[in-house]
Structures are given as C-alpha cells and as structure tokens.
Amino acid sequence: AQTVTQSQPEMSVQEAETVTLSCTYDTSESDYYLFWYKQPPSRQMILVIRQEAYKQQNATENRFSVNFQKAAKSFSLKISDSQLGDAAMYFCASLSGSARQLTFGSGTQLTVLP
Amino acid sequence: GAGVSQSPSNKVTEKGKDVELRCDPISGHTALYWYRQSLGQGLEFLIYFQGNSAPDKSGLPSDRFSAERTGGSVSTLTIQRTQQEDSAVYLCASSNTEAFFGQGTRLTVV
Chain U
1 AQTVTQSQPE MSVQEAETVT LSCTYDTSES DYYLFWYKQP PSRQMILVIR QEAYKQQNAT
61 ENRFSVNFQK AAKSFSLKIS DSQLGDAAMY FCASLSGSAR QLTFGSGTQL TVLP
Chain B
1 GAGVSQSPSN KVTEKGKDVE LRCDPISGHT ALYWYRQSLG QGLEFLIYFQ GNSAPDKSGL
61 PSDRFSAERT GGSVSTLTIQ RTQQEDSAVY LCASSNTEAF FGQGTRLTVV
C-alpha cells in the first residue's frame, strides 16, 4: 500500500517570493512516479510536474521545481517568483509502477499575497 | 477527444433517487480512476480500473455505489438510493503514467 502525507494544510507567500510545499510518501514499489497537481477554484485538476523514481535529477518546469530525496521519501515542490495565479490547492500524488495505484495527499492550500 | 470528459457537469437529484455519472477517458489510457471530493477537502479514492484486471473497489463507501467500464473505455459510476451525504464533486481520471482529470460532476442531493 502507498501513503502520501502533506503536513501543511495551508501556506502563504508574498507575490514574487519563493515557497516550498512539503510532501512525504511511502511505497514498497521500486518503480513509481510522483506528481504535484494544482486545483484552482475552478476544481480542474492540473498536472504541475512529474518525477520518475528512477531518475536522480530533480524535475523542473519553468518556475516549478522539485526536491526529490528518494532515501528520505520526500518530494517537495518549490515555486519561484510566485504569481497571483499560483493560488490554489496543491496535491502531491504517487503512482505505483505495477498496479497503477494512484494515491493523493490531503492537499496544501496556497495563498499568494499581493 | 483530447482530454477526459465527464457528464453531466452538475446534477441535482432528490434523496432516494439513483444517479449515473459518466466518464470518457483519453483514448489508449489503460487506467481509469474515480475520486470523490467534498467541499474544501482532499480526494477520496473510490475505484479504479486497470486494463483487463479486476477493478479495485476498495474505496467504495457502501454497496449503493458501483461502477463499470465498458470495452476498456467509457466508465459509469452509479449511486443508488442517493443520500445527502453523497453530495460532492466526483472526479474521474485516466492514466498511462501521469493521470489526467476531467472537470468533475458536482452532485447535489436535496
């Protein structure tokens, strides 16, 4: 079984500043993927970034990057130069390679302050 | 279509009625997931289908909930004898690796 834990129910950041959202996970699989999803008030779930477990290099997508610490089972999301449009609920998720079980954390509500 | 499509977008039903929610996944995606999300809450896993394997129904909250996936494509989530606590947004996703979500169906039981 997989578990994903997000220990920060709410976070806030000043516009143009940097914020890091935390996520830890647990899995017995050796092959898995990790994701961060963004859910704005429109409720549409949007994939922000993905990381394959076998890759040591941290994934980066423009202002979004991850710090993937495989041994510690940690997968944090860093948002640089925060924008008002980044305000949303952010979910961390893991997908097992074999059974394709997709597990989500409880989410972090991010507020961006102008 | 290019993305995951769910219908209807919104559904209001009377307590005790049955409802069917539909999900059209991305063509070629082998995995399909249903989640439930109450207002301001996280995603509650309901059921998932992976290829021709038996579905994982471990998240279904009661026997009033059922789902099927026909021909490895379209899926229908059925809720029988709806209760007010069933009111939520029901999200569907399909995946090969990363999961792509539909826009959800907001179900309101009155």
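From first to last, the protein sequence lines stand for chains U and B. Position one of the first sequence corresponds to residue 1 (the working numbering), numbered consecutively onward. Position one of the second sequence corresponds to residue 1 (the working numbering), numbered consecutively onward. Yeah, the Cβ is synthetic: ideal placement off N, Cα and C, and Gly gets one too. The structure presented is a predicted model; accordingly, all values stated were derived computationally and were not measured.
Which of helix, strand or coil DSSP assigns to residue i
| i | result |
| --- | --- |
| E14 (chain B) | coil |
| Q80 (chain B) | coil |
| T70 (chain B) | helix |
| E85 (chain B) | helix |
| D56 (chain B) | strand |
| Y54 (chain U) | coil |
| S96 (chain U) | strand |
| V110 (chain B) | coil |
| L102 (chain U) | strand |
| N67 (chain U) | strand |
Beta-carbon neighbours of residue i, restricted to chain B and to distances below 8 angstroms
| i | result |
| --- | --- |
| Q2 (chain U) | Per Cβ cutoff of 8 angstroms: no residues; Q2 (chain U) is ~11 angstroms from chain B at best. |
Chain-ordered neighbours of residue i on chain B, where CB pairs are closer than 9 angstroms
| i | result |
| --- | --- |
| F160 (chain U) | The structure shown does not extend to residue 160 (chain U), since chain U is modelled only from 1 to 114, so the question has no answer here. |
| Q69 (chain U) | Residues of chain B passing the Cβ test: none, with the nearest at roughly 21 angstroms. |
Residues sharing a beta bridge with residue i, DSSP
| i | result |
| --- | --- |
| D81 (chain U) | For D81 (chain U), which the question treats as bridged, DSSP gives no partner whatsoever. |
| S7 (chain B) | B:R22 |
| A31 (chain B) | B:Q50, B:S95 |
| M89 (chain U) | U:Q39, U:Q109 |
| L47 (chain U) | U:Y37 |
| Q37 (chain B) | B:V89 |
| S62 (chain B) | None; S62 (chain B) has no bridge partner. |
Partners in chain U for residue i, counting only beta-carbon separations shorter than 7 angstroms
| i | result |
| --- | --- |
| L46 (chain B) | Result: empty, since nearest Cβ-Cβ is about 12 angstroms, beyond 7 angstroms. |
| L107 (chain B) | Chain U residues near L107 (chain B): none, gap ~13 angstroms exceeds 7 angstroms. |
| G104 (chain B) | R43 |
Practice prompt. Mind checking the segment 68-102 of chain B against chain U and listing, in chain order, the residues whose C-beta falls within less than 8 angstroms of any C-beta there?
Written response: V89, L91, A93, S95, T97, E98, A99, F100, F101
Discussion item. Taking beta-carbon pairs under 8 angstroms, can you tell me which members of the segment 20-33 of chain B lie near chain U?
Written reply: T30, A31, Y33
Item to complete: Any chance you could list the beta strand (DSSP E) runs of at least 3 consecutive residues sitting entirely within the segment 7-33 of chain U, in chain order?
Response: 10-14, 19-21, 24-26
Fill in: chain B contacts made by the segment 26-47 of chain U, where a contact means CB separation under 9 angstroms
Y33, F35, Y37, Q39, S42, R43, Q44, M45, I46, L47
Worksheet entry | Residues of the segment 89-106 of chain U whose Cβ lies closer than 8 angstroms to any Cβ of chain B, in chain order | F91, A93, L95, A99, R100, Q101, L102, T103, F104, G105, S106
Worksheet item: When you check each C-beta in the segment 50-67 of chain B against every C-beta of chain U, which residues fall closer than 9 angstroms?
Response: Q50, G51, S53, D56
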